[in-house]
Amino acid sequence: MPPGLYNTSSAKVVNALVGLYPMGNNTALEMVYRLNIGRGPISPNADTGMYRTWDTADQIYLDNISKIFSLPLRKDAMELNFIKVPKYSAPKPVYTTGRSIRWDETTYETYNLTRVFPLDPKFYYLVRLYFYEIGDSD
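Spelled out as structure tokens, the structure:
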């Protein structure tokens, strides 16, 4: 495990707009969804040393319009530069694959890529998203 992953201070900044949220010893976190969008699953042995499982069922969580108008992206040869994000955050395949709306002016300007995750409304959720621009470097 990376050093400093767990911290016992009484409050953490979760969202600058919301402010501090207490994450004390009486708070439990459970991973509900962890997806590798656009590629197969990543096993705990192929993770960055944190032994997480990355599921691949991203199609299941797309809304109906996104299933029709989106397509997977893959850029395996892309160079990754970890300056602000630690390397253990996610394995390389998570950053080199994705899903996008098909490039067509009408489609692109009319639709959003939307995911729907079923959740139990009786709990609070901490949402963490990874975004990485997969651009043309050619």
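Each residue of the sequence shown is one higher than the one before, starting from 2 at the first, in my numbering.
All C-beta atoms, glycine included, are put in the ideal place defined by N, C-alpha and C.
Since the structure is predicted, the reported quantities are computational estimates derived from the model, not experimental observations.
Query, Result
"In the DSSP assignment, what residue or residues form a beta bridge with Gly41?", "Paired residues: none, contrary to the question."
"For Tyr125, count the other beta carbons within 10 Å of its own beta carbon; 16 or more makes it buried, fewer makes it exposed. Which is it?", "exposed"
"Sorted by chain position, which residues of the same chain lie with C-beta nearer than 7 angstroms to Gln1's C-beta, five sequence neighbours on each side aside?", "Missing from the structure shown is residue 1; the chain here goes from 2 to 139 and no further."
"Evaluate Gly41 with the Cβ neighbour count: other Cβ atoms within 10 Å of its Cβ, from every protein chain shown; 16 or more gives buried, anything less gives exposed.", "exposed"
"Would Arg116 pass as a contact of Leu72 if the rule is Cβ separation under 7 angstroms?", "no"
"My assumption, with CB atoms under 8 angstroms, is that Asp77 sits in contact with Thr57. Please give the rounded CB distance.", "About 16 angstroms separates the two Cβ atoms, so there is no contact after all."
"Could you round the C-beta distance between Gly39 and Arg100 to whole angstroms and report it? I think they count as a contact, below 8 angstroms.", "5 angstroms"
"Would you mind giving the Cβ-Cβ distance between Ile102 and Tyr89, rounded to the nearest angstrom? I have them listed as a contact below 8 angstroms.", "With a Cβ gap of about 31 angstroms, Ile102 and Tyr89 do not count as contacting."
"Asp56 bridges to which residues according to DSSP?", "Leu36"
"If Pro86 and Asn37 are in contact, beta carbons under 8 angstroms, what's the gap, nearest whole angstrom?", "It should be pointed out that residue 86 corresponds to Val in this sequence rather than to Pro. With 8 angstroms as the limit, Val86 and Asn37 do not qualify as a contact, their Cβ atoms being about 16 angstroms apart."
"Hey, how far is the Cα of Phe70 from the Cα of Leu130?", "22 angstroms"
"Alpha carbon to alpha carbon, how far is Leu120 from Arg35?", "14 angstroms"
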